[in-house]
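First up is the structure itself, then whatever we jot down about it.
Here is the structure:
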């Protein structure tokens, strides 16, 4: 059994006109998603995890942009074929959703072991392309969440 921590982040990277970055998974071609990733250690702050995963998966430095904690948590069952990554008996993951506002569709450097390619799409099209229900839900909430983040600024760390 593995040692992966069952707490993760989902980061919806978007532009002011609500174009969303989506990435095609290397281990499942045809499966598209936003940036995701798990905590590396139990005490890693969620905001740090979000920034690290964005940099690792896209080459975008989230510290240079507006990261907003949406304070949205999703709990879901881990697919059986991925449970070997987690400690014995772990069957569920808790995902924390963030938005990252960038000024325009930025150049992306995909992590080849994780993703095959990327695309910047209108939010409606991005939601249709994603395979994960929680990713679809987050992107569909983007117009309201992005407006709140712009008006109140980034959410303070938990």
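Residue numbers (the working numbering): 733 to 890.
Every residue gets a Cβ at the ideal spot worked out from N, C-alpha and C, and that includes glycine.
Just so you know, these numbers come straight off a predicted model, no measurement behind them.
Distance, residue j Cα to residue i Cα
i: residue 812; j: residue 755; result: 23 Å
i: residue 773; j: residue 871; result: 27 Å
i: residue 737; j: residue 818; result: 7 Å
i: residue 832; j: residue 733; result: 33 Å
i: residue 799; j: residue 830; result: 7 Å
i: residue 804; j: residue 764; result: 21 Å
Counterpart residues of residue i in DSSP-defined beta bridges
i: residue 765; result: 755
i: residue 783; result: Residue 783 is not bridged to any residue.
i: residue 745; result: 832
Best match in the options for proximity to residue i [C-alpha to C-alpha]
i: residue 841; options: 810, 793 and 803; result: 793
i: residue 850; options: 803, 808 and 753; result: 753
Distance between beta carbons of residue j and residue i, contact taken as under 8 Å
i: residue 768; j: residue 740; result: 6 Å
i: residue 757; j: residue 852; result: With 8 Å as the limit, residue 757 and residue 852 do not qualify as a contact, their Cβ atoms being about 17 Å apart.
i: residue 787; j: residue 766; result: Not a contact, Cβ separation roughly 15 Å.
Where residue i falls: helix, strand or coil (DSSP)
i: residue 773; result: coil
i: residue 887; result: Reliability fails at residue 887, whose pLDDT of 48 lies under 50, so the model's placement of it is uncertain and the value that follows must be treated cautiously. Here residue 887 sits in coil by DSSP.
i: residue 828; result: strand
i: residue 870; result: helix
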